[in-house]
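Going by the UniProt record's numbering, the first residue of the sequence shown is number 1, and it counts up by one from there.
Where is the CB? At the ideal position from N, CA and C, for every residue including glycine.
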Amino acid sequence: MKATALAHPNIALVKYWGKRDEALILPHQSSLSLTLSPLSVTTTVEFGASHDQVELNGHTAKGSERDRVLRLLEAVKAMAGKALGPAKVVSRGDFPMAAGLASSAAGFAALAVAGRAAAGLPAEPRAASILARMGSGSACRSVQGGFCEWQRGERPDGEDSFAVQRFDAAHWPDVRMVVAILDRGEKEVKSRDGMKHTVETSPYYPAWVQDAEQEIAHAREHIARHDLEALGELCERNAWRMHATALAANPPLCYLNSATLALIQHLREQRKKGMPVWFTLDAGPNPVLLTDAAHEVAAEALARACGAVDVVRCVPGGDAVLKAEHLF
Numbered sequence: 001m002k003a004t005a006l007a008h009p010n011i012a013l014v015k016y017w018g019k020r021d022e023a024l025i026l027p028h029q030s031s032l033s034l035t036l037s038p039l040s041v042t043t044t045v046e047f048g049a050s051h052d053q054v055e056l057n058g059h060t061a062k063g064s065e066r067d068r069v070l071r072l073l074e075a076v077k078a079m080a081g082k083a084l085g086p087a088k089v090v091s092r093g094d095f096p097m098a099a100g101l102a103s104s105a106a107g108f109a110a111l112a113v114a115g116r117a118a119a120g121l122p123a124e125p126r127a128a129s130i131l132a133r134m135g136s137g138s139a140c141r142s143v144q145g146g147f148c149e150w151q152r153g154e155r156p157d158g159e160d161s162f163a164v165q166r167f168d169a170a171h172w173p174d175v176r177m178v179v180a181i182l183d184r185g186e187k188e189v190k191s192r193d194g195m196k197h198t199v200e201t202s203p204y205y206p207a208w209v210q211d212a213e214q215e216i217a218h219a220r221e222h223i224a225r226h227d228l229e230a231l232g233e234l235c236e237r238n239a240w241r242m243h244a245t246a247l248a249a250n251p252p253l254c255y256l257n258s259a260t261l262a263l264i265q266h267l268r269e270q271r272k273k274g275m276p277v278w279f280t281l282d283a284g285p286n287p288v289l290l291t292d293a294a295h296e297v298a299a300e301a302l303a304r305a306c307g308a309v310d311v312v313r314c315v316p317g318g319d320a321v322l323k324a325e326h327l328f
């Protein structure tokens with residue numbers, strides 16, 4: 001009735017931007033990501049507590065934050081088909097403030113894996129991925145390590161919308177992601193709201209869906225060949241096109257700032273000098289740089305020279321795993 005799991009975040013190389021079903025968190029298009037280490041979230045779940053309790057990073061969760069956790073565990077209880085009682089959840093992450101990486105992806109992946117184990121359900125990546133998706137869309141890609149593809153699916157119940165591992169963490173050990181934290185401030189429009197607004201008002205959105213879906217196969221090919229340049233170029237154009245859909249919304253959404261654009265321009269200049277470094281960018285001002293092990297130190301120096309207040313260097317991360325040590 002008690003289990004603990006650790007999961008890593010992921011960064012989408014081909015982005016997820018927009019839902020076809022808000023309640024089930026079903027995407028309009030597939031996406032592909034790289035799971036990142038050493039950042040992680042550890043979560044302990046125990047059923048049979050005196051009452052429902054949710055503690056996230058040392059504080060008692062309230063409102064929608066608490067509801068999302070308990071709603072996922074209600075799904076676990078339904079899967080188990082037996083009375084498990086109230087749940088106690090304690091979750092802790094080691095993310096720096098405003099890292100530009102979604103801690104919710106690692107958090108809900110760890111919650112799904114720990115929740116299923118605490119309920120006595122078998123370890124099944126597909127089932128855990130579907131469950132994690134119900135808490136946070138990108139969480140479905142953090143159940144497994146390496147390069148994972150979230151298949152958009154077609155079914156209205158979401159049973160065919162889950163992530164599959166295309167390449168494990170050992171496939172490309174030389175690849176690196178360097179998170180450049182340029183701005184620690186909270187964004188005015190959260191990703192969830194920005195997606196909805198973009199889907200509903202951007203005339204570019206249908207083209208984005210078609211283009212992003214086509215890029216998945218190209219990304220897989222580049223990763224299979226360890227083609228850093230081709231993958232970097234794909235990451236950049238996919239990020240630009242995602243942000244173009246947001247900029248074309250009514251009213252427009254702009255997640256970039258002057259420091260973001262300055263760093264991106266500097267990357268272009270460095271590539272002309274032979275440095276293999278590209279960017280990807282989620283809904284925020286903090287780019288994540290794609291490079292290799294031989295250039296990760298230089299990539300960090302570049303980011304700091306462009307005003308990064310903090311930098312996190314990441315390597316390919318592994319699967320979400322159960323831990324023997326509990327948080328309570």
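How close, in whole Å, do the beta carbons of residue i and residue j come, if the pair is a contact with beta carbons under 8 Å?
i           : j           : result
residue 172 : residue 223 : 7 Å
residue 32  : residue 8   : About 16 Å separates the two Cβ atoms, so there is no contact after all.
residue 289 : residue 303 : 7 Å
residue 166 : residue 148 : 7 Å
residue 39  : residue 94  : 6 Å
residue 187 : residue 284 : 6 Å
residue 130 : residue 159 : 7 Å
residue 47  : residue 118 : 6 Å
residue 243 : residue 281 : 7 Å
residue 87  : residue 52  : 6 Å
Kindly indicate the opening and closing residues of the alpha helix (DSSP H) around residue i.
i           : result
residue 108 : 103 to 118
residue 208 : 205 to 224
residue 231 : 228 to 247
residue 262 : 258 to 272
residue 128 : 125 to 133
What residues are listed by DSSP as bridge partners for residue i?
i           : result
residue 314 : 177
residue 147 : 34 and 167
residue 90  : 44 and 55
residue 278 : 290
residue 77  : In DSSP, residue 77 forms no bridge with anything.
residue 201 : Paired residue(s): none; residue 201 is not in a bridge.
residue 60  : 55
Can you tell me whether residue i is buried or exposed? The criterion is at least 16 other CB atoms within 10 Å of its CB, across all chains shown.
i           : result
residue 328 : exposed
residue 15  : buried
residue 29  : buried
residue 261 : exposed
residue 174 : exposed
residue 17  : buried
residue 272 : exposed
residue 122 : exposed
residue 59  : exposed
residue 141 : buried
residue 10  : buried
residue 133 : buried
residue 251 : exposed
residue 62  : exposed
residue 5   : buried
residue 124 : exposed
residue 136 : buried
residue 293 : exposed
residue 324 : exposed
residue 207 : exposed
residue 274 : exposed
residue 319 : buried
residue 316 : buried
Mapping the DSSP letters down to three states, classify residue i as helix, strand or coil.
i           : result
residue 9   : coil
residue 98  : Note that residue 98 scores 49 on pLDDT, short of 50, meaning its location in the model is unreliable; the coordinates nonetheless yield the value given after this. In this structure, residue 98 counts as coil in the three-state DSSP scheme.
residue 72  : helix
residue 17  : coil
residue 3   : strand
residue 27  : strand
residue 321 : strand
residue 326 : coil
residue 139 : helix
residue 194 : helix
residue 66  : helix
Can you tell me where the beta strand (DSSP E) holding residue i begins and where it ends?
i           : result
residue 292 : 288 to 292
residue 297 : No beta strand (DSSP E) holds residue 297; the alpha helix (DSSP H) holding it covers 296 to 305.
Please determine whether the Cβ atom of residue i lies at a distance below 7 Å from any heavy atom of the ligand MN.
i          : result
residue 80 : Absence of the ligand MN from the depicted structure is noted, as is the absence of any ligand whatsoever, leaving it without description.
Say whether chain B places a C-beta atom closer than 8 Å to the C-beta of residue i.
i           : result
residue 203 : Absent from the structure is chain B; it holds one protein chain and no more.
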